[in-house]
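Residue numbers 6 to 88, in my numbering, belong to the letters of the sequence shown in order. Worksheet: the structure to be examined is printed underneath.
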Amino acid sequence: MDKPSHSKPGPLAGVRILDLTGVVFGPLATQILGDMGAEIIRDEGVAGVGVRADGGSQRRGRSAIFQVFNRGKQSVALDLKSA
Numbered sequence: 006m007d008k009p010s011h012s013k014p015g016p017l018a019g020v021r022i023l024d025l026t027g028v029v030f031g032p033l034a035t036q037i038l039g040d041m042g043a044e045i046i047r048d049e050g051v052a053g054v055g056v057r058a059d060g061g062s063q064r065r066g067r068s069a070i071f072q073v074f075n076r077g078k079q080s081v082a083l084d085l086k087s088a
């Protein structure tokens with residue numbers, strides 16, 4: 006994913022948000038927060054996110070819908086089911 010700018014303007018500049026949301030509405034909400042200046046760190050889990058491959062794409066593993074809802078976010082894979 007794209008690296009966020011260190012000098013994002015906006016009312017949420019300096020705020021860091023961990024995105025643990027699912028498909029469409031959660032990523033859209035955190036995208037809006039990112040557009041307002043927050044740094045968004047998205048957890049994709051160890052299995053990845055299903056929408057990465059949904060729909061057409063010129064880049065393998067980065068479908069159009071995935072790119073739209075996750076632009077400007079950083080990504081991390083966390084295993085939240087084990088210690």
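C-beta atoms are modelled at their ideal positions from N, C-alpha and C, and glycine is treated no differently. Computed from a predicted model, the values in this text were never measured in an experiment.
Residue i (DSSP reduced to helix, strand or coil)
| i | result |
| --- | --- |
| ASP40 | helix |
| VAL73 | helix |
C-beta atoms of residue i and residue j nearer than 9 angstroms
| i | j | result |
| --- | --- | --- |
| GLU49 | SER80 | yes |
| PRO14 | GLY39 | no |
| VAL29 | PHE74 | yes |
| GLY31 | LEU23 | no |
Selection from the options that minimises the alpha carbon distance to residue i
| i | options | result |
| --- | --- | --- |
| GLY27 | ARG47, GLY15 and ASP84 | ARG47 |
| GLN36 | GLY77, LEU83 and SER87 | GLY77 |
Residue burial classification, residue i (beta-carbon count within 10 angstroms, cutoff 16)
| i | result |
| --- | --- |
| PRO16 | exposed |
| ASP84 | exposed |
| SER87 | exposed |
Cross-strand partners of residue i (DSSP beta bridge)
| i | result |
| --- | --- |
| LEU23 | ILE46 |
| VAL81 | ASP48 |
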